[in-house]
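Quick note: the sequence shown uses the numbering used here, first residue 13, plus one each step.
Accompanying notes for the structure given below.
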Amino acid sequence: MVTERTDKGMTAGNAAGGFQGSSDYVASEELMSAVNIAIALEKPLLIKGEPGTGKTMLARAISDALGKELIIWNIKSTTKAKDGLYLYDTVQRLYDSQFGEGDVSDIGAYIRYGKLGEAFRSDAQAVLLIDEIDKADLEFPNDLLWELDQMEFYIPETKETVAAKKRPIVIITSNAEKELPDAFLRRCIFHYIEFPTQEKMEEIVRVHYPDIEAHLLAQAMEEFYRIRSVRDLQKKPGTSELLDWLRALMLSGISPERLSAELGLPHLGVLLKKDRDIDTVRGGGSFDGRSRGFY
Ligand SMILES: Nc1ncnc2c1ncn2[C@@H]1O[C@H](COP(=O)(O)OP(=O)(O)OP(=O)(O)O)[C@@H](O)[C@H]1O
Ligand SMILES: [Mg+2]
């Protein structure tokens, strides 16, 4: 199994190959390696990390970089494992039996596949993103163990087994709202996306805004990391907030010189979403290992 070659000519032996980030996604060496190992071992990759650290975007980047279709299964609090497999559309069948002209004895025509079913039935290998798995109840991950291990499921109504034509690359994200069951964790490769260093963050920003003025970026970055270091923030700003803030600064033509704590930072509401945090930061806050400042 481990010598099976992927589309990128990668084997488990040179698992550092394959996924190398994409033109609009900056991945650390560790993340690239986790992705490639998960692909080589044919196991789901479980990604955790602070909000906005690129967990969801990762699946899109893998699909772009490897030229594979992306199938997204967004998990909600009400999602059940079976929703991802199939649904038997009895209502349509009943309707057709009363008002339709066709033959309703073909139950297969009333099977609607879920996202996992879609990924299994795809002729080419797909990237399946199971996004925010921790939103569902605790049974959800356990209910998927068989399907993710064996890559198949049985439909009693048609007495058919749907087996993956090509094992999908499975990326699972979690915000750690709930702990996932051990049996589920055991079957996954795990990677925690660390919050980007200032250097990595500059790379990420440049992917989104290649023409951003260097001085504005440097000044904004300094202030952003200073705000993140304010103690007792209820919600630290993340990558998305920084990207939105930079956009707001560029759109309103703010000069880099204007970005200083003493002058009061503009558009603070783009970075901070809790009124108490805005008060804390405006009031000077207390910092982890940095000097006090006034916003
Ligand atoms: N490494 C990265 N390279 C490029 N863009 C990134 C990266 N990390 C984050 N971003 C950008 O930050 C934003 C948030 O990313 P994403 O939605 O993937 O985060 P997330 O971890 O899924 O967040 P949440 O936990 O809130 O769902 C996106 O606009 C994305 O483009
Ligand atoms: Mg996400």
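For glycine and all other residues, C-beta sits at the position ideal for the given N, C-alpha and C.
Are there any heavy atoms of ligand 2 lying less than 6 Å away from the beta-carbon of L68, as far as the coordinates show?
In the sequence as presented, Leu is not what sits at residue 68; that position holds Thr. Checking every heavy atom of ligand 2 against the Cβ of T68, one is found closer than 6 Å.
Rounded to the nearest angstrom, what separates Y37 and Q210 at their Cα positions?
Rounded to the nearest whole angstrom, the CA to CA distance from Y37 to Q210 is 16 Å.
Spatial neighbours of A71 within its chain, please: C-beta separation below 7 Å, excluding the five flanking residues on both sides.
L82, V139, L141 and I183
Distance cutoff 7 Å, beta carbons only. Does E42 sit that close to anything in chain C?
Judged by its chain identifiers, the structure shown contains no chain C, having just a single protein chain.
Taking Cβ positions, are L97 and G129 nearer each other than 7 Å?
yes
Smallest Cα separation from S272: which of P168, K88, G61 and Q231?
With distances taken between Cα atoms, S272 lies closest to Q231.
Go ahead and pull the three-state DSSP assignment for E164.
Residue state, collapsed to three classes: strand.
Following a CB-centred definition, is P63 positioned closer than 6 Å to any heavy atom of ligand 1?
yes
Answer with buried or exposed for R133, where buried requires no fewer than 16 other C-beta atoms within 10 angstroms of its C-beta.
Counting Cβ neighbours within 10 Å, R133 comes out exposed, since fewer than 16 surround it.
Return yes when the C-beta of T251 is under 6 Å from any heavy atom of ligand 1, and no when it is not.
yes
Helix, strand or coil: which one does DSSP assign to R124?
strand
Going by the C-beta, is V219 closer than 6 Å to any heavy atom of ligand 3?
Ligand 3 is absent from the structure shown, which contains only ligand 1 and ligand 2.
Distance, Cα to Cα, L263 vs S40?
30 Å
Going by beta carbon distance, what residues of the same chain come within less than 6 Å of L99, once the five residues before and after it are set aside?
R124
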